[in-house]
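Under my numbering, the first residue of the sequence shown carries the number 1231, and numbering increases by one thereafter. From the three backbone atoms N, C-alpha and C, an ideal C-beta is built for every residue, glycine too. A quick note: this is a predicted structure, and the numbers were derived from the prediction, not measured.
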Amino acid sequence: MKYLSGLVLILFSMTVFGANYSVDIKGMTCQMCVKAITGELNKTGKVEKVIVSLEEKKATFSELTGKEITEQEIKAAIKKAGYSATQINKVQ
Ligand SMILES: [Cu+2]
């Protein structure tokens, strides 16, 4: 029982605070690319604090409280902007 309530608490806090993601992106060349990717990620309505780095070829963001974004949704958003996600890292 104790174990179970602990597990529930962990799951609850994961849902409430959401995960942080770091995504490697292929094909970015300028600030327009950065803007397009930032826009598409925000459009999902599931993430916040989107930071896209041209230098690092990376996007980082957090899940919005109570929302859950899938890897497919992340890939789709980046593809929609015209680029491809080569690796998706979940950083808790
Ligand atoms: Cu560009």
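Backbone secondary structure at Lys1274 - three-state DSSP: What you label residue 1274 is simply residue 44 of the sequence shown in a count that begins at 1. For clarity, residue 1274 is Thr in the given sequence; the question names Lys instead. Correct three-state label for Thr1274: coil.
Length of the line joining the Cα atoms of Ile1318 and Thr1268: Against the sequence shown, residue 1318 aligns to sequence position 88. Against the sequence shown, residue 1268 aligns to sequence position 38. As the crow flies, the alpha-carbon of Ile1318 is around 16 Å from that of Thr1268.
Short Cβ contact (7 Å threshold) for Thr1300 with Ser1252: For the purposes of this step, residue 1300 is identified with residue 70 of the sequence shown, where counting begins at 1. For the purposes of this step, residue 1252 is identified with residue 22 of the sequence shown, where counting begins at 1. One thing to note: Thr1300 has its Cβ no nearer than 7 Å to the Cβ of Ser1252.
Cβ-heavy atom distance, Thr1268 to ligand 1, below 6 Å: One-based indexing of the sequence shown puts residue 1268 at position 38. No, since every heavy atom of ligand 1 falls outside the 6 Å radius drawn around the Cβ of Thr1268.
Inter-residue spacing [alpha-carbon to alpha-carbon] between Ile1308 and Val1282: If you number the sequence shown from 1, residue 1308 lands on position 78. If you number the sequence shown from 1, residue 1282 lands on position 52. C-alpha separation (whole angstroms): 11 Å.
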